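S.K.:
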Amino acid sequence: MALVPLPLDLEPIARRLRVRGIVQGVGFRPFVYQLALRHGLAGWVRNDGNGVEIEVQGLAPALGVFAHQLETEAPPLARVDGLEMHDIPPDPRRRGFAILASAPGPVSTAIGPDSGTCPACLAELFDPADRRWRYPFINCTHCGPRYTITARLPYDRASTSMAGFALCADCGREYASPGDRRFHAEPNACPACGPRLSLLEAHGLPVLSRDPIASTLARLRAGEIVAIKGLGGFHLVCDARNPEAVARLRSRKRRPDQPLALMFAGLPSLAPWLRCSPAEAAALSGAQRPILLLGKQPGFDAALAGIAPGLDEAGAMLPYTPLQYLLFHEAAGRPAGTAWLEQPQPLVLVMTSANPHGEPLVRDNTEALARLKGIADVLLVHDRDILIRCDDSVLRWRSDLPGGLQFLRRARGFTPRALPLAGEGPAVLALGGHFKTTACLTRGREAFVSQHVGGLDNPAACVALEESARHLMGILQQRPALIAHDAHPDYYSSRLALQLAEELNVPTLAVQHHHAHVAAVCAEHRLEGPVLGFAADGVGLGSDGQPWGGELLRVDGAACERIGHLAPLALPGGDKAAREPWRLAVAVLHALGRTDLARTRFADEAALGPVLALLDSGRAGTTTSLGRWFDACAGLLGIVRRISYEGQAAMQLEALARRPGCVPPLEESCASAGPILDLRPLLARLIQEDDPAQGAALFHATLVDGLARWIMLHAQAAGLGRVVLAGGCLHNRLLAAGLRLRLQGAGLQVFEACQLPAGDGGIALGQAWVARQGAAADSTKAP
Ligand SMILES: [Zn+2]
Ligand SMILES: [Zn+2]
Ligand SMILES: [Zn+2]
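Read in order, the letters of the sequence shown correspond to residues 419 to 1201 in the numbering used here.
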């Protein structure tokens, strides 16, 4: 583009350009305007349903440079996915460059995700001479809320929850000045015209305070629990260095063990507590501002008791709203400028989602008063409505993964960003599974995966899934041609699929859970043709009606064949067994003929007798889930007998396994007989292990070795060179990184989820992909 030949004459030419991608609400039109002025071009720019449309007229070389710079110099939050242009007849009367009103018509563009406060806004926020000094809703076209305040497209102020705030003269001037950072910044506001804070007592009456920020900090310092309205919902916040406050928050939220996320003023404030590499620091400081899991520094647990019990990492994030920054600013004594952010600040806050009883995140002020009753002592709210609920995203740095980041939860900062697909296809809506649910809607070559909705075991979460699905259809203006869902008929997501299909009069497709897990990775990496998939998971219904979760699958688009699986493990007590690892330990001991040991080790369990009787009867259900083998091992090594959150036993086992460092695998401990891999011999070797950390390390090393050999054997037998690793167990780094290393070492190509969680947060994409591959019915065959 840069090498445009000089025209022989100096007649102007004209072109129409179409820019696709994230180009609305990110300062793209003022950028185009300024670029056009710089190159002396006439014409106009406007938003429409397809992105941004531009007409420019001028000399050919200038037009060439202009088109090149549209892509190379786009604003920080913009993402140009496509640029098309064609010549149009020049108009000799055309003068000047204008920004036109949005074109009406069908909508097919993407809106940007919410984004953390930018450095320019921070500088104003802490400048006592600035008119927005300490204003909690400062933003510009490079930062601030987007997705969570937008009801529909095109992205204009009237479509957002800022519609009710009329711009004052000063803000209006900024909004209308093409040279201003706030030109067409839709959420633009100031203390004179914008949203305001209020601090409410738990019963709803306002706290008599001249300064809600100062009063909130005082209440936090006094050990109280404050509900604070954020970008995509409320957080429950307390002083992380006050163990009584943390314990109170845990008991009120009925969350005894689940790790709590921390917020630090800046990277230097985090350094004493958590290890943070330059890559991790970059991820923490990016515009998405995710929660990043970081390794604990020595002394973490002593000083920050109860934050992440039993784990060797904790979730951390940096402030991303001006309001959050202001709490740290207040604690630092309201310094002028931003230099204080580069110095260690003692305040550390617990920032956990306000989602009582596993229900969806609290979003409205009135909802907060009702649903956080008995949990929050005081509520810091404001009058800018959150239209779309969106949790914090949770990621981890994994240097062996392409792109480096592994998603554990994908939400704020990333949704509604589209994932590019390999090809065109019909619009498909997919509704996910039961745990960590998301919805997905495809449009053309893109897939839009909703923010994390969560587990569907309460009515409010079910409503939230339906809302998410309808919002996707509305905002993308897509009527699905097909609705895909999990093969489990009792999941709410499956019932919702049938209900929506009837309403829209479109067919449905049931996709086996682990087929969807593997398919999600295929979709993300745009893999065509057959792959060997290893689904290492908690649980999903298999096509033989049994709970699966350790499956070797040959996946070729819509076709899926089960070619191997882990040996079944008894589940004494069904769902209870998944919450009580001791039951699985007993099941393993029973299977190994060591009932004597079960009787001595678990003598104090009241249910031991009935559990053994059930195992004797042979009537206990079984599963092939790898997740349950992790539970069994944790139970056997005495690490945890009962869990209070999903994945707890495996996470604690992994944390312990890292203590002894690298250990060699136990020889001949995973017995592979044809398609079945039996892990009982491995657990038999761990029975006498007294040191839980050593046992955990041996378990991981031997498991990785056994699985890798088994996968390599079947890859060779099936003639497949590409292996997809998927499922919730891949959130375990020792397992994921270990398998990747071994399989790659054997010359196999390895693919994992990189843009979505490997667990159930990704299966909606997999279901949509399978549906797109033209499946007429669930084609998974039992062996
Ligand atoms: Zn900004
Ligand atoms: Zn104003
Ligand atoms: Zn799953």
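Backbone N, C-alpha and C define an ideal beta-carbon position, used for all residues, glycine too.
Keep in mind the model is a prediction, meaning the values are calculated, not measured.
(1) Is any heavy atom in ligand 2 found nearer than 7 Å to the beta carbon of Ala594?
(2) Tell me which same chain residues have a C-beta within less than 8 Å of the C-beta of Trp551, skipping the five on either side of it?
(3) From the DSSP output, read off the bridge partner residues of Ser616.
(4) Out of curiosity, what's the CA-to-CA distance linking Pro613 and Thr860?
(5) So what's Met1069 in DSSP terms, helix, strand or just coil?
(6) Counting C-beta neighbours from all protein chains within 10 Å, is the total for Ala454 16 or more, i.e. buried, or is it exposed?
(7) Please report how far the alpha carbon of Pro696 lies from the alpha carbon of Asp818, in whole angstroms.
(8) Is it true that the stretch 819 to 833 meets the stretch 857 to 877, where meeting means three or more beta-carbon pairs spaced less than 8 Å apart?
(9) Near Asp1189, what residues of its chain come up, given a Cβ to Cβ distance below 6 Å and the 5 sequence neighbours on each side ignored?
(10) Closer than 7 Å to a non-hydrogen atom of ligand 3 - does that hold for the CB of Ala1149?
(11) Looking only at C-alpha atoms, which of Val1029, Gly684, Gly534, Pro537 sits nearest to Ala750?
(12) Can you tell me the Cα-Cα spacing of Leu1074 and Glu731, whole angstroms?
(13) Any heavy atom of ligand 1 within a distance shorter than 7 Å of the CB on Thr535?
(14) Enumerate, from N- to C-terminal direction, the unbroken beta strand (DSSP E) stretches of 3 or more residues contained entirely within the stretch 1149 to 1183.
(15) Can you find at least 3 beta carbon pairs, one from the stretch 685 to 705 and one from the stretch 636 to 649, that sit closer than 8 Å?
(16) Less than 8 Å between the CB atoms is what I'm expecting for Leu837 and Ala701, so what's the real figure, rounded?
(17) Please work out which residues of its chain come closer than 6 Å, Cβ to Cβ, to Cys1204, disregarding the five sequence neighbours upstream and downstream, and give them in chain order.
(18) Please find out if some non-hydrogen atom of ligand 1 comes closer than 7 Å to the beta-carbon of Asn557.
(19) Let me check understanding here. Comparing Cα to Cα, which of Arg659, Ala905, Pro740, Ala665 lies closest to Asn557?
(20) Tell me whether Gln761 is buried or exposed, calling it buried when 16 or more other Cβ atoms sit within 10 Å of its Cβ.
(21) Go ahead and label Asn923 buried or exposed: buried means 16 or more other beta carbons lie within 10 angstroms of its beta carbon, across all protein chains shown.
(22) How many whole angstroms separate the CB atoms of Arg1098 and Ala954, which I take to be in contact at a CB cut-off of 8 Å?
(23) Are Trp1187 and Ala941 closer than 8 Å when you measure CB to CB?
(24) Given that a residue counts as buried once 16 or more other Cβ atoms are within 10 Å of its Cβ, and exposed if not, what is Asp1123?
(25) Look at the alpha carbon of Cys1088 and the alpha carbon of Lys714, and state the distance between them as a whole number of angstroms.
(26) Suppose you measure from the CA of Gly1137 to the CA of Leu518; what does that come to, to the nearest Å?
(27) Judging by CA-CA distance, which residue of Ala879, Gly951, Cys1147, Cys561 is the nearest neighbour of Asn606?
(28) At a threshold of 7 Å, does Gly873 count as lining ligand 3 (C-beta to nearest heavy atom)?
(29) Suppose the cutoff is 6 Å on Cβ atoms and the five residues either side in sequence are ignored; what does the same chain contact list for Gly534 look like?
(30) In the DSSP output, what is Val474 paired with across the bridge?
(31) Give me the DSSP bridge partner(s) of Cys858.
(32) Kindly list the residues whose CB is nearer than 6 Å to the CB of Ile1105, restricted to its own chain and excluding five residues on each side of it in sequence; keep chain order.
(33) Just grab the DSSP bridge partners of Met769 for me.
(34) Taking the Cβ atom as the reference point for each residue, do Gly733 and Pro820 lie within a distance shorter than 8 Å?
(35) Are there three or more Cβ pairs, one per stretch, closer than 8 Å when the stretch 1076 to 1092 is compared with the stretch 1158 to 1167?
(36) Spell out the partners DSSP gives Phe825 in its beta bridges.
M.R.: The relevant details are as follows:
(1) no
(2) Glu542, Leu543, Phe544, Asp545
(3) Val799
(4) Taking the CA atoms as reference points, Pro613 sits about 35 Å from Thr860.
(5) In this structure, Met1069 counts as helix in the three-state DSSP scheme.
(6) The residue in question, Ala454, is buried, as its Cβ has 16 or more Cβ neighbours within 10 Å.
(7) Taking the straight line from one Cα to the other gives about 15 Å.
(8) yes
(9) Asp is not the amino acid found at residue 1189; the sequence shown has Ala there. Correct list, in chain order: Val846, Leu900, Ala902, Leu927.
(10) The sequence given here places His at residue 1149; Ala does not occur at that position. No, Cβ of His1149 sits at least 7 Å from all heavy atoms of ligand 3.
(11) Gly684
(12) Cα-Cα distance, rounded: 11 Å.
(13) yes
(14) 1167 to 1169
(15) no
(16) Not confirmed; about 19 Å, so no contact.
(17) Residue 1204 falls outside the range modelled here, since the chain spans only 419 to 1201, and no answer is possible.
(18) yes
(19) Residue Pro740 is the option with its Cα nearest to Asn557.
(20) exposed
(21) exposed
(22) About 18 Å separates the two Cβ atoms, so there is no contact after all.
(23) Yes, the pair counts as a contact, with Cβ atoms nearer than the cut-off.
(24) buried
(25) 33 Å
(26) 58 Å
(27) When only C-alpha atoms are compared, the closest one is Cys561.
(28) no
(29) Here the set comprises Ala705, Arg707, Tyr738.
(30) Arg433, Gly461
(31) Ala848, Val867
(32) Once the five neighbours on either side are set aside, Ile1105 has no close Cβ partner at all.
(33) Val655
(34) Not in contact: Gly733 and Pro820 (Cβ atoms no closer than 8 Å).
(35) no
(36) Residue pairing from DSSP places Phe825 in a beta bridge opposite Leu813.
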